[in-house]
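Asks: Our numbering runs 1 ahead of the 1-based position in the sequence shown. Where is the CB? At the ideal position from N, CA and C, for every residue including glycine. Before I ask anything, let me first share the structure, which is written out below as structure tokens.
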Amino acid sequence: MRKRAVVTGGAGFLGSHMCERLLFDGYDVLCLDNYATGIPENVRQLSEIGPFRFENFDVTEPLDIPGPVEFVLHMASPASPPDYLQLPVETLKVGSVGTLNALDLAKEKGARFLFTSTSEVYGDPLEHPQKESYWGNVNPVGPRAVYDEAKRFGEALTTAYRSSKGVDTAIVRIFNTYGPRMRGNDGRVIPAFISQALNAEAITVSGDGSQTRSFCYVSDLVDGIARMLHSSHAGPVNIGNPDEISIREVAELVVELCGSGSDVVYVPRPVEDPERRRPDIARARELLDWAPTVSFEDGLKKTISWFAESM
Ligand code: NAD
Ligand code: UDP
2 MRKRAVVTGG AGFLGSHMCE RLLFDGYDVL CLDNYATGIP ENVRQLSEIG PFRFENFDVT
62 EPLDIPGPVE FVLHMASPAS PPDYLQLPVE TLKVGSVGTL NALDLAKEKG ARFLFTSTSE
122 VYGDPLEHPQ KESYWGNVNP VGPRAVYDEA KRFGEALTTA YRSSKGVDTA IVRIFNTYGP
182 RMRGNDGRVI PAFISQALNA EAITVSGDGS QTRSFCYVSD LVDGIARMLH SSHAGPVNIG
242 NPDEISIREV AELVVELCGS GSDVVYVPRP VEDPERRRPD IARARELLDW APTVSFEDGL
302 KKTISWFAES M
């Protein structure tokens, strides 16, 4: 008999790719999403792949789902800084109450639960690269706290359900991931730069652009999550690409690959924008035999083609 996965946040960028992967792997998929930051286009084609059902639902409301469930993937949460700054309380609620509801569903069904945490739990890291053993450097009353602290709380809650209620749980800490289906205007750096380059607008580099990030292509990320889901590990496990690059270099590369004449302009840096980010992925290599395979240049080319076609 086919098994079923429930994916919260499945109409978002990563959630929709995860739903697609689960359908390809032979699962029935129930996607719960309230379109806070997701869009119908992301899930429109999914029922052509396999048994896919969408419910427009806010997962901070209690979940009542009949029938068996094998996996619960709790991916719902605004993830782009401009999104979560516009939805501060909603972000805290989906990371706390939403996680509680999703965990209760997993407990009721005896399902394996996977929580998509983030490199933001490391805050503006004082340790580099970031290992899972690092506790982070987060300001609980800073602007990014609505996201960072919600995810830290979500990790703590997930851990408590494992230890005190016997739920089979998994935590992955996702580092900056990009690819097709990101919203051009979601404010994150890759879609922002590509949209600007393709529209011949100025590329808005914040600060002097010397801050770094490490970007993972979406297919690699999905593969890492799938491996974690099918393992019995609790995590947390970092999933990301350790190839670190400055934001100024990202701007230059995007302009070059788009064949664009856009200029680079320097805009004010967001408050408490982390200085650097690079995952230590030794744990993912060892436990999941996982490592990214798509280079930044190849991933950017695929993403640029998708943006160019969908514009
Ligand atoms: P996204 O904004 O594209 O998707 C999030 C989805 O969650 C959206 O479809 C949104 O409508 C939905 N959602 C939000 N609140 C909800 C609620 N209360 N009820 C139901 N649905 C709700 O973001 P994404 O980049 O796809 O991120 C997906 C998950 O991965 C998030 O949990 C995010 O924190 C995590 N993550 C992403 C990245 C990344 O680089 N993309 C990095 C770290 C962690
Ligand atoms: N950034 C930028 N221009 C933009 C959007 C973002 O220079 O138009 C910078 C941002 O200040 C940060 C980096 O790019 O230093 C990554 O930002 P993003 O919001 O994509 O991810 P996060 O900060 O959450 O890692």
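Measure the CB-CB distance between Trp307 and Pro181 and report whether it falls below 9 angstroms.
Replies: Closer than 9 angstroms, so yes.
Asks: How should Ala283 be labelled, buried or exposed, when 16 other C-beta atoms within 10 angstroms of its C-beta is the threshold for buried?
Replies: Classification of Ala283: exposed, given that the 10 Å Cβ count is below 16.
Asks: Taking DSSP as the reference, what is the three-state secondary structure of Leu289?
Replies: Leu289: helix per DSSP, three-state reduction.
Asks: Please return the same chain residues whose Cβ sits closer than 8 angstroms to the Cβ of Gly155, not counting the five positions on each side in sequence.
Replies: Contacts found: His75, Gly96, Ser97, Thr100, Phe116, Ser118.
Asks: How many angstroms separate the CA atom of Ser17 from the CA atom of Ser165?
Replies: Approximately 32 angstroms between the Cα atoms of the pair.
Asks: Would you say Glu323 touches the ligand UDP, meaning its beta carbon is less than 8 angstroms from a heavy atom?
Replies: Summary: the structure shown does not reach residue 323, with the chain confined to residues 2 through 312, and so no result is reported for it.
Asks: Sorry if obvious, but does the Cβ on Ser81 come closer than 8 angstroms to a heavy atom of the ligand UDP?
Replies: Indeed, a heavy atom of the ligand UDP lies less than 8 angstroms from the Cβ.
Asks: Out of curiosity, what's the CA-to-CA distance linking Arg153 and Met183?
Replies: Rounded to whole angstroms, Arg153 to Met183 spans 24 angstroms at the Cα level.
Asks: Report buried or exposed for Thr159, applying the criterion of at least 16 other Cβ atoms within 10 angstroms of its Cβ.
Replies: Label assigned to Thr159: buried.
Asks: Consider the Cβ of Gly68: report whether some Cβ of chain C lies at a distance smaller than 9 angstroms.
Replies: Here there is only one protein chain, and chain C is not present.
Asks: If Ser261 sits next to Gly210, beta carbons under 8 angstroms apart, how far is it from one beta carbon to the other, in whole angstroms?
Replies: Not confirmed; about 17 angstroms, so no contact.
Asks: Kindly indicate the opening and closing residues of the alpha helix (DSSP H) around Ser215.
Replies: No alpha helix (DSSP H) holds Ser215; the beta strand (DSSP E) holding it covers 213-215.
Asks: Measuring CA to CA, which of Arg174, Asp125, Ala107 is closest to Pro67?
Replies: The shortest Cα separation from Pro67 among Arg174, Asp125, Ala107 belongs to Ala107.
Asks: Which word fits Met2, buried or exposed, when buried means at least 16 other C-beta atoms lie within 10 angstroms of its C-beta?
Replies: Exposed, by the Cβ-count rule.
Asks: Determine the closest residue to Val251 out of Lys302, Ala285, Glu109, with distance taken between C-alpha atoms.
Replies: With distances taken between Cα atoms, Val251 lies closest to Lys302.
Asks: Just to check, is the beta-carbon of Ile240 closer than 8 angstroms to a non-hydrogen atom of the ligand UDP?
Replies: Because no heavy atom of the ligand UDP lies under 8 angstroms away, the Cβ of Ile240 does not count as near it: no.
Asks: Along the chain, which unbroken stretches of the alpha helix (DSSP H) at least 4 residues long are found entirely within the region 252-296?
Replies: The qualifying runs are 283-289.
Asks: If we ignore side chains and look at the alpha-carbon of each, how far apart do Gly236 and Ser134 end up?
Replies: Whole-angstrom Cα-Cα distance: 11 angstroms.
Asks: When the Cα atoms are used, what is the spatial distance from Val139 to Phe53?
Replies: Roughly 38 angstroms separates the two Cα atoms.
Asks: Hey, Ser215 and Asp244 are a contact pair by Cβ (cut 8 angstroms); roughly how many whole angstroms apart?
Replies: Sure, about 6 angstroms apart at Cβ, within 8 angstroms.
Asks: Please list, in chain order, all residues of the same chain as Glu62 whose beta carbon is under 6 angstroms from its beta carbon, the five residues on each side excluded.
Replies: Nothing listed; no residue qualifies.
Asks: If we ignore side chains and look at the alpha-carbon of each, how far apart do Gly167 and Ala157 end up?
Replies: Approximately 14 angstroms, taken between the alpha carbons.
Asks: Which residues does DSSP pair with Asn239 in a beta bridge?
Replies: For Asn239, which the question treats as bridged, DSSP gives the partners Arg174.
Asks: Should the region 120-131 be regarded as contacting the region 255-269, the criterion being three or more beta carbon pairs within less than 8 angstroms?
Replies: The answer is no - the region 255-269 does not touch the region 120-131, with fewer than three Cβ pairs under 8 angstroms.
Asks: Sorted by chain position, which residues of the same chain lie with C-beta nearer than 6 angstroms to Val7's C-beta, five sequence neighbours on each side aside?
Replies: For Val7, where only same-chain residues beyond five positions count, the Cβ hits under 6 angstroms are Leu31, Val70, Val73.
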